[in-house]
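Enquirer: Counted from 1, the first sequence has number 387 at position 387 by this note's numbering; the numbering is strictly sequential.
This is the structure I have questions about; it appears just below.
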Amino acid sequence: MEYTPDVDLDELCPVCGDKVSGYHYGLLTCESCKGFFKRTVQNNKKYTCAETRDCRIDKTQRKRCPSCRFQKCLHVGMRLEAVRADRMRGGRNKFGPMYKRDRALKQQRKALMQAAGSSHDQQGFSVHPDLVSPRTPLPTAQHDDMRCLLPSLRCLLPSDLPSPSQHHGNYLSNWTINSSSAARAYTSSPPPGPGVPALVLELLRCDPDELQLQNKSAARLLQEQSGWNQHGRLDTFRLTCLLADQMLFFMVDWARTSIFFKQLKVRDQMKLLHNCWSELLLLDIISRQVLYGREDRLLLVTGQEVELSEIVAHASPALISLVQRGQNLVEKLHILKVDRQEFACMKFLTLFNPDVMELEDHQFIENVQEQVEGALLEYTLCTSTRYLERFAHLLLCLSELRSLSMLAEEYLCCKQLSADVPCNNLLIEMLHAKHSWP
DNA sequence: TTAGCCTTGAAG
DNA sequence: CTTCAAGGCTAA
């Protein structure tokens, strides 16, 4: 078993891919990007891109476009506040504890990956190499402060840690909005980059960190698996439901802390989520494939991969057609090279659906829909020459997503009728909600 | 301007 | 005391 004592330093700089030299301005970066970021912020430098604001930044080309380099610095999560206005040397800043937590998280992640890798090898699972040395931004303070929200754990595993009391019984009915922590999350937004609409940046900031999702879901899955292994073989479908259930909790957590959504009354929040949960779930899976996935494999939220051929080999015709339609959509979005910004907009467009019946704050929801649509259009205008066509394609994908999600819900309903779905979880609550509204 | 190495100094 | 992420310096 390979062991590297210096866990942090074998990673690559998320900006340019060079060797990292330590934590700088919020995350692990190389020495040169540290210096570049410092010079840019200290001297209040303004750059302009001579190309189309999407220059590749790597070790050999990082000097060519400072504009895109700085943009990337901000995008991966380097923090302006960490550059000191008074230029005081030495000492520590408020990020110290965050660095410490991040180190612990990485350590834990590494152990998890080793455990997951060895225990899944016989089952055809593998671990995505890009995710072992991540290219996603590091967790920020706001994510670290978020408590681990897994109330479903309570119902499925009663012996587990106690969860907050508001999560007893019906998961959504008496769920409360923690506005103070939500407000804190958006107090310091980076300055809008050239061409990227401020709202798009804001929506992107609401996106959870992929690595944290991985850690939480992988830990949960391993725990479940160890429990099952004592009593018999693990059931794949049951495991899938568990994973979907987990993803639903992440989704609810994302929504409740997101801009606009947190301003809504709980009743409207529930209606919106009940309406679009399956779309958001699929969009989440699909965006993961487009952004990080590899061909002919399904990348799970846990960071594990499953061969598509393996799924198809064991699936019913209904499931096979679902998988194929999903793959077509992945392919389409992949060709379009849809990025995180656009996916973030698409998530909000899906969530803020003004067609939902009996909304109390219908006007507001319609406004949000229009604002996000406008921001997405503006964004495509900056990033694509054939922006109208691109924008139309993206909306078309959303409508395909809608019909796909309806098929998926039908599939789940059939499965549930045959009592294959484990009951008493958020997935089933969502499945039933749409039909049981007054 | 860049990027590797140096100095500093509060936190642990 | 040690640590290590800030800022500083300087040759290329």
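Even for Gly, the Cβ is constructed at its ideal location relative to N, Cα and C.
All of these numbers come straight from a predicted model, not from anything done at the bench.
On the premise that E342 lies in contact with L376, defined as a C-beta separation below 8 Å, what is that separation, rounded to the nearest angstrom?
Expert: Yes, L376 and E342 are in contact; Cβ-Cβ is about 7 Å, under 8 Å.
Enquirer: Compare the Cα-Cα distances from I286 to each of N275, K262, H334 and I311 and report the closest residue.
Expert: Ranking the options by Cα distance to I286, first place goes to H334.
Enquirer: Buried or exposed: where does P158 fall if 16 or more other Cβ atoms within 10 Å of its Cβ makes it buried?
Expert: For P158, the predicted model reports a pLDDT of 25, less than 50, meaning its position is unreliable; a value from the coordinates is still stated below. Classification for P158: exposed.
Enquirer: By how many angstroms is the C-alpha of D86 removed from the C-alpha of V301?
Expert: Those two C-alpha atoms are separated by around 42 Å.
Enquirer: Cα separation between H24 and R101?
Expert: Between H24 and R101, the C-alpha separation is close to 15 Å.
Enquirer: Closest to Q42 by C-alpha separation, out of F70, T48 and Q371, would be which residue?
Expert: The shortest C-alpha separation from Q42 is found at F70.
Enquirer: In the structure shown, what three-state DSSP assignment does V15 receive?
Expert: Coil at V15, not helix or strand.
Enquirer: Are the beta-carbon atoms of L203 and S258 separated by less than 9 Å?
Expert: The answer is yes: Cβ separation under 9 Å.
Enquirer: Can you give the beta carbon distance from D10 to K59, rounded, assuming they're within the 8 Å contact cut?
Expert: Going by Cβ atoms, the distance from D10 to K59 rounds to 16 Å, so no, they are not a contact pair.
Enquirer: What did DSSP end up calling Q263 once you bin it into helix, strand or coil?
Expert: Here Q263 sits in helix by DSSP.
Enquirer: Rounded to the nearest angstrom, what separates Y47 and C65 at their Cα positions?
Expert: Taking the straight line from one Cα to the other gives about 8 Å.
Enquirer: Is the stretch 335-354 close to the stretch 307-322, with three or more CB pairs under 8 Å?
Expert: Result no; under three Cβ-Cβ pairs closer than 8 Å.
Enquirer: Around the C-beta of V312, are 16 or more other C-beta atoms found within 10 angstroms, so that it is buried, or is it exposed?
Expert: Burial call: exposed.
Enquirer: Measure the alpha-carbon distance for E410 versus E210 and round it to whole angstroms.
Expert: Their backbone Cα atoms lie some 29 Å apart in a straight line.
Enquirer: Look up T383 in the DSSP assignment and say whether it is helix, strand or coil.
Expert: T383 falls in the helix class under three-state DSSP.
Enquirer: Just the C-alpha distance for L243 and L281, rounded to the nearest angstrom, thanks.
Expert: L243 and L281: Cα-Cα distance of roughly 11 Å.
Enquirer: Return the first residue and the last residue of the alpha helix (DSSP H) that T350 is part of.
Expert: Its alpha helix (DSSP H) spans residues R340 to L351.
Enquirer: Note down, in chain order, each residue of its chain lying with its Cβ closer than 8 Å to the Cβ of V83, except the 5 sequence neighbours on either side.
Expert: Excluding positions up to five away in sequence, the list reads Y25, F37, K38, V41 and Q42.
Enquirer: Going by CA-CA distance only, name the one from P317, D339 and L272 that's closest to H75.
Expert: Per the Cα distances, D339.
Enquirer: Do the CB positions of M247 and S278 come within less than 9 Å of each other?
Expert: Not a contact, by the Cβ cut-off of 9 Å.
Enquirer: Alpha carbon to alpha carbon, how far is K72 from G35? Give it in angstroms, no decimals.
Expert: The alpha-carbon atoms of G35 and K72 are separated by roughly 14 Å.
Enquirer: Rounded to whole angstroms, what's the CA-CA distance from S321 to L28? Just pull it up for me.
Expert: Each residue's alpha carbon lies about 43 Å from the other.
Enquirer: Buried or exposed, going by whether 16 or more other CB atoms sit within 10 Å of the CB of P14?
Expert: Flag for P14 reads buried.
Enquirer: Please name the residue in Q363, H314 and L283 whose C-alpha comes closest to that of Q327.
Expert: Per the Cα distances, L283.
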